[in-house]
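Chemist:
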Amino acid sequence: MSGTVNNGTGGNQPAANGAGQLAALAAPTLPSNISAALTPDKFDGTNFKQWQQKMHFFLTTLNLAKYLVETKPQMPAEQEANPDPRVHMTLENWEQGDFLCRGYIQSRLVDQLFNVYSEVKTQGAVGSPG
Numbered sequence: 002m003s004g005t006v007n008n009g010t011g012g013n014q015p016a017a018n019g020a021g022q023l024a025a026l027a028a029p030t031l032p033s034n035i036s037a038a039l040t041p042d043k044f045d046g047t048n049f050k051q052w053q054q055k056m057h058f059f060l061t062t063l064n065l066a067k068y069l070v071e072t073k074p075q076m077p078a079e080q081e082a083n084p085d086p087r088v089h090m091t092l093e094n095w096e097q098g099d100f101l102c103r104g105y106i107q108s109r110l111v112d113q114l115f116n117v118y119s120e121v122k123t124q125g126a127v128g129s130p131g
């Protein structure tokens, strides 16, 4: 991915490019005006497509939908010995955003499904049924 990413505060910032290089990303922030009415009902195993679309919209309002499709950025090999603090911060911010995305998805699952998916390490696996 290249270009800019909305940082949730009305501004844009550079994104990681398709070559695996990292650009500085701010930690995801949650808008303070998110309405409880936007929160999808808990998924109980029925009407998956409807729930999935509502969940995607909800995550988009939180600026977290990108974590449904992005893979975790990796530390560039040339940075491993002496990492640039900005690269380290970018990795931490991505992990925080992925954690939030995964948590919001899991919080909208009934307990039985939560128990099944609570061990999932990335949100992409939660997005597809079965």
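The opening position of the sequence shown corresponds to residue 2 in this note's numbering, with each subsequent residue numbered one higher.
All C-beta atoms in this analysis are idealised placements derived from N, C-alpha and C, irrespective of residue type, glycine included.
All of these numbers come straight from a predicted model, not from anything done at the bench.
1) Could you check where the alpha helix (DSSP H) with Pro84 kicks off and where it finishes?
2) Kindly indicate which three-state DSSP category Leu92 falls into: helix, strand or coil?
3) What does DSSP give as the partner residue(s) for Leu110 in the beta ladder?
4) Name the residue from Asn48, Thr61 and Thr47 whose alpha carbon lies nearest to the alpha carbon of Thr40.
5) Taking all protein chains shown into account, decide if Phe44 is buried (16 or more other Cβ within 10 angstroms of its Cβ) or exposed.
6) Whose C-alpha, out of Phe115, Met90 and Leu101, is nearest the C-alpha of Gln80?
7) Can the beta-carbon of Gly98 be found closer than 8 angstroms to that of Tyr68?
8) What do you get for Ser3, buried or exposed, if any count of 16 or more other CB atoms within 10 angstroms of its CB means buried?
9) Where does Gln75 sit, in a helix, a strand or coil, going by DSSP?
10) If you draw a straight line from the C-alpha of Gly104 to the C-alpha of Ala82, how long is it?
11) Can you tell me whether DSSP reads Phe115 as helix, strand or coil?
Modeler: In brief:
1) Position 83 of the sequence shown, counted from the first residue, corresponds to residue 84. No alpha helix (DSSP H) holds Pro84; DSSP gives it neither H nor E.
2) Counting from one through the sequence shown, the residue named residue 92 turns up at place 91. Residue state, collapsed to three classes: helix.
3) Position 109 of the sequence shown, counted from the start, is the residue given in the question as residue 110. The partner list for Leu110 (beta bridge, DSSP) reads Phe44.
4) Position 39 of the sequence shown, counting from 1, holds the residue named residue 40. The residue with the shortest Cα to Cα distance from Thr40 is Thr61.
5) The sequence position of residue 44 within the sequence shown is 43, counting from 1. Looking at its Cβ environment, which holds 16 or more other Cβ atoms inside 10 Å, Phe44 is buried.
6) The residue labelled residue 80 in the question sits at position 79 within the sequence shown. With distances taken between Cα atoms, Gln80 lies closest to Met90.
7) The sequence position of residue 98 within the sequence shown is 97, counting from 1. The sequence position of residue 68 within the sequence shown is 67, counting from 1. Cβ atoms of Gly98 and Tyr68: closer than 8 angstroms.
8) The sequence position of residue 3 within the sequence shown is 2, counting from 1. Only weak support is given to the placement of Ser3: the predicted model assigns it a pLDDT of 41, under 50, and the question is left unresolved by the model.
9) The residue given as residue 75 occupies position 74 in the sequence shown. If DSSP states are grouped into helix, strand and coil, Gln75 belongs with coil.
10) Counting from one through the sequence shown, the residue named residue 104 turns up at place 103. Counting from one through the sequence shown, the residue named residue 82 turns up at place 81. Each residue's alpha carbon lies about 32 angstroms from the other.
11) Here residue 115 is taken as the residue at index 114 of the sequence shown, counted from 1. Note: Phe115 maps to helix in three-state DSSP.
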